[in-house]
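Protein chains: 4
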Amino acid sequence: MQKSIEVGCNLSYEVRQSTVFLFQISCALTPHQVVDSESLILNPNLATEAFSAGIEANRMHRVVVEPCELNVSYRGNITLTPEIDEPGEVNEASTAHMPPEVLTYLNPSRYCESDLLGRFAFEEFGHLYRGYSRVQAVCNWVCEHLDYTPGSTNSSTTATAVLLQRAGVCRDYAHLAITLCRGLGIPARYVAGYAVNLQPPDFHGFMEAFLGDRWYLFDPTRLSLVSGLVRIGAGRDAADVAIATLNGDARLLDQQVWASDVTDPAAGGGAAPESGISTA
Amino acid sequence: MQKSIEVGCNLSYEVRQSTVFLFQISCALTPHQVVDSESLILNPNLATEAFSAGIEANRMHRVVVEPCELNVSYRGNITLTPEIDEPGEVNEASTAHMPPEVLTYLNPSRYCESDLLGRFAFEEFGHLYRGYSRVQAVCNWVCEHLDYTPGSTNSSTTATAVLLQRAGVCRDYAHLAITLCRGLGIPARYVAGYAVNLQPPDFHGFMEAFLGDRWYLFDPTRLSLVSGLVRIGAGRDAADVAIATLNGDARLLDQQVWASDVTDPAAGGGAAPESGISTA
Amino acid sequence: MQKSIEVGCNLSYEVRQSTVFLFQISCALTPHQVVDSESLILNPNLATEAFSAGIEANRMHRVVVEPCELNVSYRGNITLTPEIDEPGEVNEASTAHMPPEVLTYLNPSRYCESDLLGRFAFEEFGHLYRGYSRVQAVCNWVCEHLDYTPGSTNSSTTATAVLLQRAGVCRDYAHLAITLCRGLGIPARYVAGYAVNLQPPDFHGFMEAFLGDRWYLFDPTRLSLVSGLVRIGAGRDAADVAIATLNGDARLLDQQVWASDVTDPAAGGGAAPESGISTA
Amino acid sequence: MQKSIEVGCNLSYEVRQSTVFLFQISCALTPHQVVDSESLILNPNLATEAFSAGIEANRMHRVVVEPCELNVSYRGNITLTPEIDEPGEVNEASTAHMPPEVLTYLNPSRYCESDLLGRFAFEEFGHLYRGYSRVQAVCNWVCEHLDYTPGSTNSSTTATAVLLQRAGVCRDYAHLAITLCRGLGIPARYVAGYAVNLQPPDFHGFMEAFLGDRWYLFDPTRLSLVSGLVRIGAGRDAADVAIATLNGDARLLDQQVWASDVTDPAAGGGAAPESGISTA
Chain A
1 MQKSIEVGCN LSYEVRQSTV FLFQISCALT PHQVVDSESL ILNPNLATEA
51 FSAGIEANRM HRVVVEPCEL NVSYRGNITL TPEIDEPGEV NEASTAHMPP
101 EVLTYLNPSR YCESDLLGRF AFEEFGHLYR GYSRVQAVCN WVCEHLDYTP
151 GSTNSSTTAT AVLLQRAGVC RDYAHLAITL CRGLGIPARY VAGYAVNLQP
201 PDFHGFMEAF LGDRWYLFDP TRLSLVSGLV RIGAGRDAAD VAIATLNGDA
251 RLLDQQVWAS DVTDPAAGGG AAPESGISTA
Chain E
1 MQKSIEVGCN LSYEVRQSTV FLFQISCALT PHQVVDSESL ILNPNLATEA
51 FSAGIEANRM HRVVVEPCEL NVSYRGNITL TPEIDEPGEV NEASTAHMPP
101 EVLTYLNPSR YCESDLLGRF AFEEFGHLYR GYSRVQAVCN WVCEHLDYTP
151 GSTNSSTTAT AVLLQRAGVC RDYAHLAITL CRGLGIPARY VAGYAVNLQP
201 PDFHGFMEAF LGDRWYLFDP TRLSLVSGLV RIGAGRDAAD VAIATLNGDA
251 RLLDQQVWAS DVTDPAAGGG AAPESGISTA
Chain G
1 MQKSIEVGCN LSYEVRQSTV FLFQISCALT PHQVVDSESL ILNPNLATEA
51 FSAGIEANRM HRVVVEPCEL NVSYRGNITL TPEIDEPGEV NEASTAHMPP
101 EVLTYLNPSR YCESDLLGRF AFEEFGHLYR GYSRVQAVCN WVCEHLDYTP
151 GSTNSSTTAT AVLLQRAGVC RDYAHLAITL CRGLGIPARY VAGYAVNLQP
201 PDFHGFMEAF LGDRWYLFDP TRLSLVSGLV RIGAGRDAAD VAIATLNGDA
251 RLLDQQVWAS DVTDPAAGGG AAPESGISTA
Chain W
1 MQKSIEVGCN LSYEVRQSTV FLFQISCALT PHQVVDSESL ILNPNLATEA
51 FSAGIEANRM HRVVVEPCEL NVSYRGNITL TPEIDEPGEV NEASTAHMPP
101 EVLTYLNPSR YCESDLLGRF AFEEFGHLYR GYSRVQAVCN WVCEHLDYTP
151 GSTNSSTTAT AVLLQRAGVC RDYAHLAITL CRGLGIPARY VAGYAVNLQP
201 PDFHGFMEAF LGDRWYLFDP TRLSLVSGLV RIGAGRDAAD VAIATLNGDA
251 RLLDQQVWAS DVTDPAAGGG AAPESGISTA
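Residue numbers (the UniProt record's numbering), protein chains in the order written: chain A, 1 to 280; chain E, 1 to 280; chain G, 1 to 280; chain W, 1 to 280.
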């Protein structure tokens, strides 16, 4: 089940003072997500410094920009070859045997205060069978109890606030689902990326839970097909995977984002399953 | 300026059900902190799994314990050879040139909501000279505005709560200083460790700020000499460096912690400086 | 359905500096709650200033005490003659016709942030029939979703925190039920009082909701019989009805509280109903 | 020192469903604030129910409006004859002797969590002389540490949030000053009103502190002359004095507010003092 996906974005900024930009818009490189070709073009034509950083080696580009109108354009052609498992056969991992690098995703983080929601999580989901289906139940609960309401949250909104106000956007849905999973003892992390046919088009935020021996993708908003998610980077929460971090004085003027499935129908055949998908 | 330090701890637990323990009590290994010898003994004599994990490769030991009374005893002989710089010559680093792996320490974290305190930090410290002395000013402010009050905070207390209530313990002092530094654009991280002659004896929490091209140690509580700090591990905040994480059902019965400077006076000579110290 | 109830308390304090005490321990006077006799005795024998204050004219006693050991003893013999209505016939009042003095109990207050929980309340209870039974449903939800856990909260804990952590004591149960009612547009207020046979004996905190044209009593903890609740005072939340407010330096040494039903069985006959009860 | 002030407002709403409006836009009646004439006109010409409610007997108008475009117009001609005292002679009142009805204004309220800021208040202002000048110092501190930033806060923002983010509007300035006063043991309350020559024209929020034996006016924003403040109502915080409370479905289309000093210069003479002013 292989997919070819074209993604991209155009960002333009009014840069008023010398500003350091840190972009996370390039697609991640994993065994299951191959970047066949990509380009990152700045206008004016400035040299960017590319590196990978953080616990997940997220790809970043850093550039210092003097006052101007800056246009940033990224295009990528991606081949996804996800691992696909039968959800009913995927159990939760035990902290006794979990890979060490996964343990950090049990800790609370800025937007995912799992230390505050452990009792809540156990009360709602503690009685459920311990496996893929329990994470799915968490995501269903989040989707059914929140209203998708642009403008209802801001960059400081945390999972507990979202749980109380029962409204948010994709980032908030992911944060709440992550927090509840961690509260249950299931490692969970935030993923930023592109999503095929997302309406309205935008960057997307979703999540992964560690089950069995790998990370599985979930989108608690149900706004995307999980089989059409292209990863930019992962982290403990949105603080780790900001699309653009600015240090200086600049203003976003315009943003366009897209992602399309361009799989050759002859090669594919049939719809992809939408659960049990791993691309990490 | 070399120091020999003996550190150790005894922890005993009543384990009531099968419990997974994750200990972070072993001393870190860095070019400036050499572990000459160490031992970790469990009674009953259980095999532990040792590994390094997380962005800072903190050393951890994992063990699954069935119901019993568990005693854990760690001893280490450490040689510290800190890098010591003249504080007046240490400037802040620019985000344009900072090493990529440092950037994550500008992000807010669970107990350090730097996104909420940027304006506060700039108002109090924005006018100061940008260098080591500014971090020192932050630490002084924290020390002078907080009361060291055991019991005033708990494991969910964040830097903003500490700032409002003006009381806390070492962990809270460190969290607030870290948060204010990040608010100023200075990378800062939490360090857990042993502190020579700490009164009352306990594990200690302090911080590092990234200045120039390295991490410098600060203790906003002023309860320890910075030259006598022995690192266990570092992370974004205390969530990353818990001394013991338990999954199961166990209760701490007793805890003893110690750290002594056993430097041969013939070899040393004179007191160590207390600023401009790096051991990362 | 008349009841005779004996209530009382003994409080003793170590007063270390001149301290102003404000006590709210005397029973309220309402058409349905008659104080047949009462006494308030201080040892040393100090004169207290008695007055009624606040929107509900709560009874208070003020006294200035110099350093000493202070004993305060209150005893009251109360006759309750509640209004008792058939719950099924009690509807919610409309804001268009509510008595003006009731409107303030729709506002958020310190411990009842109803502005934050309106959406939550509507999602959980918005579809229910609008009447006494809806408030009962709120109280049931609170009782079923919280664990009664002494020590889990403190004097700064608010309804939203209780909702997240799912634990609290009587005061917290009342705050959460009040907050959810206000979120639904139902005026609700906090009542402090004595409760017959409360185990363990203590002062009690419960609530009233305004329905139809009067205030009805509810105890979301289910620890007391509503027919055995004796009112001290009411207010927006516990901030308005503190048993003792101290300004100075004193420490509570001991506290005893009691309340017994001493109704002459010959006069009574049969158990009181436990719903539809008004004593305001 | 008498002043004649003309105040007024026009409010228009698109009413989409039957909506209950509760307006607090009429000027308060006090010994020092006489309403010489006033009018409240609704278009369509609906009958309003006028009453006074709450602890401060704030004047309110209630009206039920069916779908339409509603225009509400209030005009008042006010004579202010403030009590004016020499600030240096006004001391703080003792809780031992304060009038009972004032005590409630020492309690924390929804937007003024004085229980959380007592230590902060004492640290910053505890050493100051206990009198009018201390409240002035609190107001000065608030003015100097906050940025007046429309849009930086919303209807759920509390004093602690304002203190951390160091930005707000008039309501937030008043909340923070009130909270700090209560933290110091000084009764303080919120006042909504009209302010002569306020720029940009709007309703205004300010505060009163109880000193000596009366309430004194303060405006921590310094945007108005205290001598030109016309009171609508007072309460524990903004939750008690909302200009308009809506229950139904309506949208504010337009709002105009004004207040002008029309004192006959022949009668007056000279500028009014701007401190030590009471109009309660």
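Here a beta-carbon is modelled for each residue, glycine too, at the ideal position from N, C-alpha and C.
The Cβ of Ala272(A) sits no closer than 8 Å to any Cβ of chain G.
The residue from Pro220(G), Asp261(G), Cys27(G) and Pro108(G) with its alpha-carbon nearest to that of Val138(G) is Pro220(G).
Assigned with DSSP and collapsed to three states, Gly228(W) falls in helix. Non-local C-beta neighbours of Ser37(W) in its own chain, meaning closer than 6 Å and more than five positions away in sequence, comprise Asn77, ordered along the chain. Between Pro200(G) and Ile84(G), the CB-CB gap reaches or exceeds 8 Å. For Thr153(E), no CB of chain W lies under 8 Å from its own CB, so it is not counted at the interface with that chain.
For Ser275(A) against Pro82(A), the beta-carbon gap comes to about 11 Å, at or over 8 Å, which does not count as contact.
Between Arg59(A) and the set Ser278(A), Ile178(A) and Asp240(A), the nearest pair of CA atoms involves Asp240(A). Distance from the CA of Ala244(W) to the CA of His145(E), rounded to the nearest whole angstrom, comes to 41 Å. If you check the CB distance, Ala192(W) and Gly205(W) come in under 8 Å. For His145(E), no beta strand (DSSP E) segment is defined; the enclosing uninterrupted segment is the alpha helix (DSSP H) at Tyr132 to His145.
The region 175–190 of chain A and the region 40–51 of chain A do not touch, with fewer than 3 CB-CB distances between them shorter than 8 Å. Contact between the region 155–164 of chain G and the region 113–128 of chain G is established, with three or more Cβ pairs separated by less than 8 Å. Put simply, the backbone Cα of Asp264(E) is about 25 Å away from that of Tyr216(E). Following the DSSP letters along the chain, one finds Gln165(E) inside the alpha helix (DSSP H) bounded by residues Ala159 to Gln165. For Glu123(E), the closest Cβ of chain W is nearer than 8 Å. The count of Cβ pairs closer than 8 Å, one atom from the region 170–187 of chain W and one from the region 124–142 of chain W, reaches three, so the stretches are in contact.
Taking a C-beta cut-off of 7 Å against chain G, the contacting residues of the region 90–110 of chain W are Thr95, Ala96, Pro100, Glu101, Leu103, Thr104, Asn107, Pro108, Ser109 and Arg110, listed in chain order. At least one CB atom of chain A sits nearer than 8 Å to the CB of His145(G). Secondary structure at Asp237(G): coil, using DSSP grouped into helix, strand and coil. With a threshold of 8 Å between beta carbons, Asp36(G) makes no contact with chain W. Interface flag for Met207(W) against chain G is unset, since no Cβ pair is found closer than 8 Å.
Val102(G) carries a helical assignment under DSSP once its states are collapsed to helix, strand and coil. Burial state of Ala159(A) is buried, judged by a 10 Å Cβ sphere holding 16 or more other Cβ atoms. In this structure, Ile55(G) is the residue among Arg134(G), Glu123(G), Ile55(G) and Val63(G) with its C-alpha nearest to the C-alpha of Val102(G). In the three-state DSSP reduction, Glu124(G) falls in the helix class (H, G or I). Per the C-alpha coordinates, the member of Leu229(E), Asn71(E), Arg75(E) and Ser152(E) positioned closest to Leu11(E) is Asn71(E). What Phe51(G) touches in chain W, judged by beta-carbon distance under 7 Å, is Pro100, going in chain order. The residues Ala167, Gly168 and Val169, in chain order, have a CB closer than 8 Å to that of Thr149(G) in the same chain once the five nearest residues on each side in sequence are set aside.
Proximity to Asn247(G) across Gly151(W), Trp258(W) and Thr95(W) peaks at Thr95(W), based on C-alpha coordinates. For Tyr173(E), the three-state secondary structure derived from DSSP is helix. Within the DSSP bridge table, the entry for Ala209(E) names Ala188(E) and Tyr216(E) as partners. The region 4–21 of chain G and the region 252–261 of chain G touch, with three or more beta-carbon pairs separated by less than 8 Å. For Met60(A), the enclosing beta strand (DSSP E) starts and ends at Asn58 to Val65. Annotation for His61(A): Phe23, Thr48 and Ala50 place their beta carbon closer than 6 Å to its own, counting only its chain and skipping 5 residues before and after.
By the beta-carbon neighbour count (other beta carbons within 10 angstroms, threshold 16), Leu180(A) is buried.
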